[in-house]
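Protein chains in written order, with this note's numbering: chain A, 13 to 387; chain B, 1047 to 1563. All residues carry an ideal CB built from backbone N, CA and C; glycine is no exception. Keep in mind the model is a prediction, meaning the values are calculated, not measured. The block underneath contains the structure these notes are about, expressed in structure tokens.
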Amino acid sequence: MIPPLVSLVTVLAASVAPPVPLADTVIQISAIQGMHFSLPRFEVAPGMKVTIVFRNMDSQADMPHNLVIMRPGTRTKVITAALQATAKQEYIPVTRDILFKTPLVVQRESFTLTFTAPAAKGAYPYACTFPGHGFVMYGAMYVGTTPPPLATDENVPPEQRVPPPAGRGGGRGGRGGLPPGPRPISAGAISYGSTFPAVSRTFLADNGPASIAVALTPQRSYNFDAGVSYFRQAWDGGFVDNYPHWRGNGDGYADVIGKVWYHSKANFPWRVSAPDSIPEARFLGYRLVQGGYPEFHYKIGDADVRELVLPREGGSGVVRNFEITTTHPLRFITDPEGGANFSASAGQMQGKVLTLTPEQARKFSITMTPAAPLP
Amino acid sequence: MRTCTLSLILGLAVVATPAAVSAQGRQGAPPPAPGAVAQTPANYPYTIEKIPTPDSLSAEVGGIGFLPDGRVVAAFHHGEVMIYDPAKKDWKVFATGLHDPLGLVVISASEMIVGQRPEVTRIKDTDGDGKADTFETLSDQFGMSGNYSEFLHGPIMDAEGNLFYSLNTASNNGPVRKIIRGTYSPRGRIGRMFSAVDYRGWVMKITPDGKTIPYAGGFRSPNGLVLDKDGDLFVTDNQGDWLGSSKLYKVDQGKFYGHTPSLAWDPAINTTPTTIPIPILDKMRQREIVFFPHGILANSPTMPQIDYTGGKFGPFGGQMFVGEMNHPLIMRVMLEEVNHEFQGAVAPFLSQPNLRLGSNRLAFAPDGSLWVGHTDHGWLGDKGITRISWNGQTPLDVSAMNLTTHGFDLTFTKPVNAEVAAKLATYQFRKYSYEYHLDYGSDRMDQGPVAVTKVVVSPDGLHASLTLAELQPKFVYQLDLVSLTGTDGAPLVNSTIYYTINQLRQPGAAPTIAPRR
Chain A
13 MIPPLVSLVT
23 VLAASVAPPV
33 PLADTVIQIS
43 AIQGMHFSLP
53 RFEVAPGMKV
63 TIVFRNMDSQ
73 ADMPHNLVIM
83 RPGTRTKVIT
93 AALQATAKQE
103 YIPVTRDILF
113 KTPLVVQRES
123 FTLTFTAPAA
133 KGAYPYACTF
143 PGHGFVMYGA
153 MYVGTTPPPL
163 ATDENVPPEQ
173 RVPPPAGRGG
183 GRGGRGGLPP
193 GPRPISAGAI
203 SYGSTFPAVS
213 RTFLADNGPA
223 SIAVALTPQR
233 SYNFDAGVSY
243 FRQAWDGGFV
253 DNYPHWRGNG
263 DGYADVIGKV
273 WYHSKANFPW
283 RVSAPDSIPE
293 ARFLGYRLVQ
303 GGYPEFHYKI
313 GDADVRELVL
323 PREGGSGVVR
333 NFEITTTHPL
343 RFITDPEGGA
353 NFSASAGQMQ
363 GKVLTLTPEQ
373 ARKFSITMTP
383 AAPLP
Chain B
1047 MRTCTLSLIL
1057 GLAVVATPAA
1067 VSAQGRQGAP
1077 PPAPGAVAQT
1087 PANYPYTIEK
1097 IPTPDSLSAE
1107 VGGIGFLPDG
1117 RVVAAFHHGE
1127 VMIYDPAKKD
1137 WKVFATGLHD
1147 PLGLVVISAS
1157 EMIVGQRPEV
1167 TRIKDTDGDG
1177 KADTFETLSD
1187 QFGMSGNYSE
1197 FLHGPIMDAE
1207 GNLFYSLNTA
1217 SNNGPVRKII
1227 RGTYSPRGRI
1237 GRMFSAVDYR
1247 GWVMKITPDG
1257 KTIPYAGGFR
1267 SPNGLVLDKD
1277 GDLFVTDNQG
1287 DWLGSSKLYK
1297 VDQGKFYGHT
1307 PSLAWDPAIN
1317 TTPTTIPIPI
1327 LDKMRQREIV
1337 FFPHGILANS
1347 PTMPQIDYTG
1357 GKFGPFGGQM
1367 FVGEMNHPLI
1377 MRVMLEEVNH
1387 EFQGAVAPFL
1397 SQPNLRLGSN
1407 RLAFAPDGSL
1417 WVGHTDHGWL
1427 GDKGITRISW
1437 NGQTPLDVSA
1447 MNLTTHGFDL
1457 TFTKPVNAEV
1467 AAKLATYQFR
1477 KYSYEYHLDY
1487 GSDRMDQGPV
1497 AVTKVVVSPD
1507 GLHASLTLAE
1517 LQPKFVYQLD
1527 LVSLTGTDGA
1537 PLVNSTIYYT
1547 INQLRQPGAA
1557 PTIAPRR
């Protein structure tokens, strides 16, 4: 769903970065109705690895937009030069003032731009260079410097110098008045006041409508489908952006941010007694434990299951910790086609099938790692 | 609003002005829109106050309730449950990550029962850190097709601990997803607003021992549930297919309320519900107890609340207050029982631009003020929370409208000008009905004036007893009070009342029963 990252610019920028990169940050910026960026300014530290997920959420279907970051003080020069740029150039003028750029993004599409923030402190303007847009559609990335009060910030369009009422008019409002420091990935994408680990019940494409998206860390996420009580999807690189679901009538799916490495299209994985019949699962809820990880509670037939998914230590993947009370042996049918390698701390793994005695099922874990290495 | 796009489009087409009126109102020059409700006067004894919410919270309110100490619990569209201390003007996050919560029951500062799209959930803070850590699924025994319009409204709780919630039908502006929860029925998939999965269009009950019972079917967009102190359940529903106008129902177990696709989940029906002939459906269905006339009064009524404040909210104790999405309006419903059936009248209570639109959720605070949670949810509406409080003065209004064997008795909050009140021309009645059919909405049918033939005003000026030339059941009787004033010459606050007649009062039967308190 997110196009692969990386451009030549990214590589060049990385080559001049300090040897020890600082903490990463992910910034969500949308082009919104009224020719604005949803986020008119943000702060990063010099040398920080920055990922911008840029989305075109403009309500006008015929409005492509890009996001071009340039050297301090060059915005007017660059957008004036852009008036002469051709469609073949994607309206990006040839100038050394442009540091990082996305291609033109059409409505509802997105592009992920990753770069290393410049070492030199300053206010780096960004704008849409589609002819004419940049005169009203701009903002600034503050690198290692505190922005002035929003009301007087010349790098922010006048209409966005007051914090808009939250969420008003289809944009994710309230983002003009930024707290200091980099924006967390959660801003405007999940519930107000969320902390990581985070839970977000939402609509995700090719998942059930009773999905529970969980971010174990800001970069490692999965979906537990409460409609059938099973682990359906896992991805790395971000969490979810609910804005496409929350906006308008709610018909849209939330965006999965990052690289999906597991997505099971198989049936419910557990079997209780009858080998070929799929037992009925019943979702009973969850508790937040160990600092906020959800521990799911459900029944498979008469077996009582608690499942706590934790990030795998020392690499990508997850560890699913189970505590099951059952009087029957259980079988768990793994789904390698979903994109994961499976291993278990107890029981007998034969081919795709893990068999557990009631004693073994009492406490064990299943580890899932990406079958293909993640970028 | 929380209904379907078409309802909005049509609603806007019929009453194109409320948004414009409201926008102008914010700038201080609000002319009343033709056909829309007139603004309540500037000296109206109810104060409107906007409650601050955090800047970066999208304050689209889905649920609101109170702790006994006056703290407010509110649920918001992006999945938050938050607690507000009015004394400190301070918001605290109690829970996050819920899916479009649209109702809550406050048990204590550490426990709430919240309705969200997939389920009704008991949310608890068990370690005392002020944040919820336990999310127990109380009821999810219903289907989800993944259609955006499948809202879950409520829950509300009765004195015995039973919970009631309602399941919105799906909209044909959206799909049925590839992966669904529950059981699919092609028989319920038919219609503008449909019921392709189990119990869409039903009111559901959760018993104190945890059983979920499909309680009553036939609803379209039942965005408002309330219980009176006797345990009677009332539900609002929104104009659209099968609903000629928006309405209020009294809901009883096992009955059918007219929106047809949900009959797919009635075990006694084994045909495609929409193929049942309308005369048969019309006999099967329960009628509304109050119509909210579409376009001229309301477009999308929301949640009702009953004033049990013991007089703290003014002279309308025991009456029902109902929110509205598309107008800056709170309505007031005056119910009575005729032949042991509820029916009654609705009038505007408060219509002020500074109330704003989208009055989606209502709750009475322990101090007797009425709190209104607003939403727009991408539609016409507003965000935030408004507090309405009474300043102790009595407005001149109609406090009761009761059917008699020969007409209506009106009761006023204060004595009226006896001379004006004694004139027949002061009381202008029109009657009309709405069609019951698959089509969207209905014109006002069989519309015509009804003559008032006699008026008797009580010596104290508090009552007027009207005799009408005819009384016909299944009609709305709209009363416009022309030029009626108080003894001081001040006009009535609201001069239009809409009474829905189902039952006629029989001669010799018990006389007028005062509104239940």
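- What B:T1459 touches in chain A, judged by beta-carbon distance under 8 angstroms, is nothing: the nearest beta carbon there is about 37 angstroms away.
- For A:D70, no Cβ of chain B is located within less than 7 angstroms of the residue's own Cβ.
- Close to chain B, meaning a Cβ-Cβ distance shorter than 7 angstroms, are the following residues of the region 291-318 of chain A: F295, L296, G297, Y298, R299 and L300.
- Secondary structure of B:V1528 (DSSP, three-state): coil.
- Nearest C-alpha to A:A225 among A:N219, A:S42 and A:Y234: A:Y234.
- Taking the Cα of A:G326 as reference, the smallest distance to any Cα among A:R232, A:P341 and A:R173 is reached at A:R232.
- The Cβ of A:V90 sits no closer than 7 angstroms to any Cβ of chain B.
- Of the residues A:F127, A:A163, A:S71 and A:S357, the one whose Cα lies closest to the Cα of A:Q119 is A:S71.
- Taken in chain order, the members of the region 212-223 of chain A whose beta-carbon sits within less than 8 angstroms of a beta-carbon on chain B are S212, R213, T214, F215, D218, N219, G220, P221 and A222.
- Taking 9 angstroms as the Cβ-Cβ cut-off, the region 1201-1223 of chain B approaches chain A at S1217, N1219, G1220, P1221 and R1223, given in chain order.
- The three-state secondary structure of A:Q372, taken from DSSP, is helix.
- Residues are counted here when their Cβ sits less than 9 angstroms from a Cβ of chain A; for the region 1100-1125 of chain B these are P1100, D1101, S1102, L1103, S1104, A1105, E1106, F1122, H1123, H1124 and G1125, given in chain order.
- Only residues of its own chain outside the window of five on either side were considered, and among them Q1365, G1390, A1391, A1446, M1447 and P1561 have a CB closer than 7 angstroms to the CB of B:M1380, listed in chain order.
- Pairing B:T1282 with B:F1338, the inter-Cα distance amounts to about 10 angstroms.
- Counting C-beta pairs closer than 8 angstroms gives fewer than three between the region 1174-1194 of chain B and the region 1293-1306 of chain B, which falls short of the contact rule.
- Look at the region 237-250 of chain A: the residues with a C-beta under 7 angstroms from a C-beta of chain B are A238 and G239.
- Taking C-beta separations shorter than 7 angstroms and ignoring five residues to either side along the sequence, the partners of A:G264 in its chain run P256 and H257, following chain order.
- Three or more beta-carbon pairs drawn from the region 1547-1555 of chain B and the region 1449-1466 of chain B are found closer than 8 angstroms, and the two stretches are therefore classed as touching.
- A:R213 carries a strand assignment under DSSP once its states are collapsed to helix, strand and coil.
- When Cβ-Cβ separations below 7 angstroms define contact, A:N353 makes no contact with chain B.
- Contact annotation: the region 95-109 of chain A does not touch the region 151-165 of chain A, with fewer than three C-beta pairs closer than 8 angstroms.
- Close to A:S357, with beta-carbon spacing below 8 angstroms, lies no residue of chain B; the smallest spacing is near 26 angstroms.
- The beta carbon of B:G1414 sits closer than 6 angstroms to the beta carbons of T1355, K1358 and F1359 from its chain, once the five residues preceding and following it are set aside; these are given in chain order.
- The C-beta separation of B:F1188 from B:P1201 comes to about 13 angstroms, leaving the pair out of contact by the 8 angstroms criterion.
- In the displayed model, B:T1472 falls within a helix according to three-state DSSP.
- At a Cβ-Cβ threshold of 7 angstroms, B:D1101 and B:H1123 do not count as neighbours.
- Against A:A210, the close residues of chain B are T1142 and G1143, in the order they occur along the chain (beta-carbon pairs closer than 9 angstroms).
- Within chain A, not a single residue places a beta-carbon under 7 angstroms from that of B:V1384; the smallest gap is close to 40 angstroms.
- Rounded to whole angstroms, A:M82 and A:Q172 show a C-alpha spacing of 20 angstroms.
- Using a Cβ-Cβ cut-off of 9 angstroms, B:Y1194 is close to F215, H257, G260, N261, G262, D263 and G264 of chain A, given in chain order.
- Inter-residue distance for B:Y1480 and B:E1387 is about 20 angstroms (C-alpha atoms, whole angstroms).
- Counting only runs of at least 3 residues, the region 1182-1239 of chain B fully encloses the following beta strand (DSSP E) elements, listed from N- to C-terminal order: 1198-1203 and 1209-1213.
- Excluding sequence positions up to five before and after B:R1331, its CB lies within less than 7 angstroms of the CB of G1264, F1302, Y1303 and G1304, all in the same chain and listed in chain order.
- Within 10 angstroms of the beta-carbon of B:P1221 lie fewer than 16 other beta-carbons, which makes it exposed.
- From the beta-carbon of B:R1227, the residues of chain A found nearer than 8 angstroms are G220, P221, A222, G239 and V240.
- Contact of B:V1249 with chain A is not assigned, every C-beta pair being separated by 7 angstroms or more.
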